[in-house]
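Notes for the one structure printed next.
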Amino acid sequence: MPRLVCPNCHYIHYENPKVICGSLVVHEDRVLLCRRAIEPQYGLWTIPAGFMENGETMAEGAARESYEEADAIVLNPHLYCIYDLPDIGQIYSIYLADLKDGAYGIGSESLDCALFSEEDIPWDTLAFEAIRRTLKSYFADRKQFDELSDFPIHQDKIGKDLSIKRY
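In terms of my numbering, the sequence shown opens at residue 81 and continues consecutively.
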């Protein structure tokens, strides 16, 4: 895609991708999901996630979103998944984290929040493809690794055809 450049002063007008930060919050054998109270994808399930804000790191953004959307305090966050969505100009950075004391609530951007085991995940009503892939990776990794800190980092590209392109 060509850059937008002023033909007179040669100033480059950058249109950079948006960074979405999220947390896959884990408590015992379950993961925390939020049912969206905002568009896009109103009423569908996702992990706590949203746009990174100026002045924060990706991990801080993921922790902030967990608190805003699910009144959840996360512990021991570490990078788990990176998804490039070039067709819509987004980058997802998802952290794997523990839920402090198993405590959570319902934030203003959520209709509901709940802990789900693998068999109870509402797979047909997940809001975003990146979240479906994150959950699939998590449950597969859980069968291979004993500690969350041993889980690998997953990096994928999600395109219009939703195909995975490995790097």
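No residue lacks a Cβ here, since even glycine has one placed at the ideal position from N, Cα and C.
All of these numbers come straight from a predicted model, not from anything done at the bench.
To the nearest angstrom, how far is it from the Cα of Lys240 to the Cα of Pro87?
-> 33 angstroms
Contact between the region 144-151 and the region 172-188 (3+ Cβ pairs under 8 angstroms) | yes
Which residue comes first and which comes last in the alpha helix (DSSP H) that contains Gly215?
-> Note on identity: in this sequence residue 215 is Leu, with Gly being the wrong assignment. Run containing Leu215: Glu209 to Gln224, per the alpha helix (DSSP H) assignment.
For Ser190, the three-state DSSP class (helix, strand or coil) | strand
Can Ile238 and Leu165 be called in contact, C-beta distance under 9 angstroms?
-> yes
From Tyr91, Val99 and Arg110, pick the residue whose C-alpha is nearest to that of Cys193; which is it?
-> Arg110
Closest by CA to Ala177, which one among Ala183, Cys114, Ser103 and Leu113?
-> Ser103
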